[in-house]
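Participant: Residue numbers (my numbering): 157 to 390. For each residue, glycine too, the CB sits at the ideal point set by N, CA and C. Treat the numbers as computed from the prediction; the structure is a model and nothing was measured. One structure coming up, written as structure tokens, with questions to follow.
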Amino acid sequence: VYAYNAIISGFVANNLYNEGFKLYLHMRCHGVPPDKFTFPCAIKGCSDVLEVKKINGLLFKFGLELDLFVGSALVNCYLKFGCVDDAYQLFDELPVRDVVLWNAMINGYMHIGEFGMALEVFKRMSDCMVVPNNFTTTGVLSALAMSADLDNGHAIHGFVIKRGYDSVVAVSNALIDMYGNCKCIDEAVRIFELITEKDIFSWNTVIGVNEQTGDHQGTIEFFRRMLDSGVRPD
RNA sequence: UGGCGUUA
């Protein structure tokens, strides 16, 4: 089982979802019992909801129905396929909810365009004394960017500074996107300039934000700086 | 050997 897990995990980590899932089926065919390491990867490898439900039904047999890692993978997968009710029911049944599980709910709602629900879950999470991490923060900021919600965006920005997440590139990138979509171009660019290690997301986002203003010269200038910085355009 | 995040 250890060997199967290692290879399945390798496949899904490299986006070879079908290969990963096929290997999971292969191990089942050969009577190798899967464990709590197998399922999160196998779930990620599922390409349709029926396979996910099949695995979900199997969990009881292995006593893994309350495993947080398996549960998070399921919640994530259900929301990816738009099965909000299944995801919520699972979330509700898990007795212990860690930050990753909350994140899976928030980002799942975001993924299907339910920005209001994403924000609701975020608030509930804080009520439950679970501290949002930088994954949570990037997800919520992205939801606020999509809904151009500057008020909540400002509030989250304050939280980001309080917790020191402003040193995390992905968080800064999400802030740039949020301010950009809220038409606060100067603030977006200010945050961009503060990033010490600008990545491909930083450049793409700031270029997109700047271009919205119709300032083509500025956009070209950002692009030139991007090339100079050694980040390859994609 | 395991689950969640930012642009397009």
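On a Cα-Cα basis, can you pick out the residue from Gly386, Cys239, Cys185 that is closest to Asp204?
Facilitator: Cys239
Participant: According to the Cβ coordinates, are Ser165 and Cys197 closer than 9 Å?
Facilitator: yes
Participant: Under three-state DSSP, which class holds Cys202?
Facilitator: coil
Participant: Could you compute how far the alpha carbon of Cys284 sits from the alpha carbon of Arg253?
Facilitator: 9 Å
Participant: Measuring CA to CA, which of Tyr160, Tyr173, Lys200 is closest to His182?
Facilitator: Tyr160
Participant: Classify Leu383: buried if its beta carbon has 16 or more other beta carbons within 10 angstroms, exposed otherwise.
Facilitator: exposed
Participant: Identify every run of the beta strand (DSSP E) within the segment 229–301, keeping only runs that are complete inside it and at least 3 residues long; order them along the chain.
Facilitator: none
Participant: Secondary structure at His186, three-state DSSP: helix, strand or coil?
Facilitator: coil
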